[in-house]
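**Q** Here you go, one structure.
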Amino acid sequence: MQDKLIKKTYKYKKMLQDALVSIEITPRKDSYFMKISDDFLRMAQSYYQDGVYFLNKENYEDALASFSYGHAWLDAGMRLGIFKSSSNDYKLFSI
1 MQDKLIKKTY KYKKMLQDAL VSIEITPRKD SYFMKISDDF LRMAQSYYQD GVYFLNKENY
61 EDALASFSYG HAWLDAGMRL GIFKSSSNDY KLFSI
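Quick note: the sequence shown uses full-length UniProt numbering, first residue 1, plus one each step.
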């Protein structure tokens with residue numbers, strides 16, 4: 001059971017890492033949506049950092065949750081239209 005959790009945690013870490021690299025912000029710099037996209041991206045990055053912290057502590061449950069929440073912020077931004085993926089690998093997102 002622990003092996004499955006560890007494998008899934010690293011899978012979600014990689015997925016969030018790849019998604020963060022591929023994200024492009026779409027709103028104009030002077031728009032209200034730019035602030036929203038900054039907030040969403042900052043949340044995803046913070047959850048990624050939290051996940052790495054938990055991973056280093058071998059706390060796989062919280063690491064997996066952090067990576068999942070971080071990815072959810074990017075997914076929400078993609079659905080809202082404040083992000084697009086530069087990699088055209090939309091398998092990273094649930095759009």
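Even for Gly, the Cβ is constructed at its ideal location relative to N, Cα and C.
1) Could you spell out where the alpha helix (DSSP H) holding Ser85 opens and where it closes?
2) Our contact map puts Tyr48 next to Gly70 with C-beta atoms below 8 Å; I'd like the distance itself, whole angstroms only.
3) When burial is assigned at 16 or more other CB atoms within 10 Å of the CB, is Asn81 buried or exposed?
4) Tell me whether Ser86 is buried or exposed, calling it buried when 16 or more other Cβ atoms sit within 10 Å of its Cβ.
5) Using DSSP with H/G/I as helix, E/B as strand and the rest coil, what is Glu58?
6) Do Phe67 and Lys13 have their C-beta atoms closer together than 7 Å?
7) Ignore the nearest five residues each way along the sequence and tell me which others in Ala63's own chain have a CB closer than 7 Å to its CB.
8) Determine the contact status of Trp73 and Phe40, defining contact as a CB-CB distance below 7 Å.
9) According to DSSP, which residues form a beta bridge with Ile23?
**A** From the atom records:
1) In this chain, Ser85 is not harboured by any alpha helix (DSSP H); it is covered by the beta strand (DSSP E) spanning 83-85.
2) 5 Å
3) Position check: residue 81 holds Gly in this sequence, whereas Asn was assumed. Gly81 comes out exposed.
4) exposed
5) coil
6) yes
7) Thr9, Gly51, Phe54, Leu55
8) yes
9) Ser85
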